[in-house]
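Worksheet: one structure, shown below.
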Amino acid sequence: AETALWDMPRMLFVFRLREAELASPVSQLQHLLEEVAEATVLFKPSIGPWLWPLHEPDVSAALLVCDALTDDEHWAMRIIRGFRILPPVHMAEQQKHIRAQYSASTTYVFAWSEVYVQGIWALLLVAIP
5 AETALWDMPR
15 MLFVFRLREA
25 ELASPVSQLQ
35 HLLEEVAEAT
45 VLFKPSIGPW
55 LWPLHEPDVS
65 AALLVCDALT
75 DDEHWAMRII
85 RGFRILPPVH
95 MAEQQKHIRA
105 QYSASTTYVF
115 AWSEVYVQGI
125 WALLLVAIP
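Here is the structure:
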């Protein structure tokens, strides 16, 4: 379907991957990347987003509600969790919603990004004497 993003023409494609017997989420993500890149190489825009997920505002609200559940925390803990020094209190609940709405691969990406940011904070502590 044809659409526009900030007055730039875009084509909307909806993909369904063939069943893959891939064990790990990393393998599944790599498979998805290869399939989408191969199918859209002629249509990839020179500027602007290339891929984005389709979901309704209710889905976004359900995923964000897990962050809102921490409103009873002390303000200092909210700041620490906001900078992702510590994981969110309801991270397991959020991951459950992400897995249900998207897939295990997307859950893996979200969890990996949390671990990555926490690792960056640890490196910062080691790097600054």
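The sequence shown: position 58 = 62 (this note's numbering), numbered continuously. Glycine residues also receive a C-beta, built at the ideal position from the N, C-alpha and C atoms. Keep in mind it's a predicted model, so treat the numbers as computed, not measured.
_Of the listed residues 85, 87, 51, 112, nearest to residue 11 (C-alpha basis)_ = Comparing Cα-Cα distances from residue 11 to each of 85, 87, 51, 112, the minimum goes to 51.
_Within the continuous beta strand (DSSP E) that includes residue 14, where are the two ends?_
Its beta strand (DSSP E) spans residues 12-15.
*Around the Cβ of residue 98, are there at least 16 other Cβ atoms within 10 angstroms (buried) or fewer (exposed)?*
buried
*residue 38 in three-state terms, based on DSSP*: For residue 38, the three-state secondary structure derived from DSSP is helix.
*Look at the Cβ atom of residue 95, then the Cβ atom of residue 115, and state whether they are nearer than 9 Å.*
yes
*State the DSSP-derived secondary structure class of residue 6, mapped to helix, strand or coil.*
strand
*Under a three-way DSSP split, which group does residue 101 fall into?*
helix
*Quick one: is residue 7 buried, meaning 16 or more other Cβ sit within 10 Å of its Cβ, or exposed?*
Its Cβ having fewer than 16 others within 10 Å, residue 7 is exposed.
_Let's test the definition: count the other Cβ atoms within 10 Å of the Cβ of residue 124 and tell me whether it reaches 16, buried, or not, exposed._
So residue 124 counts as exposed.
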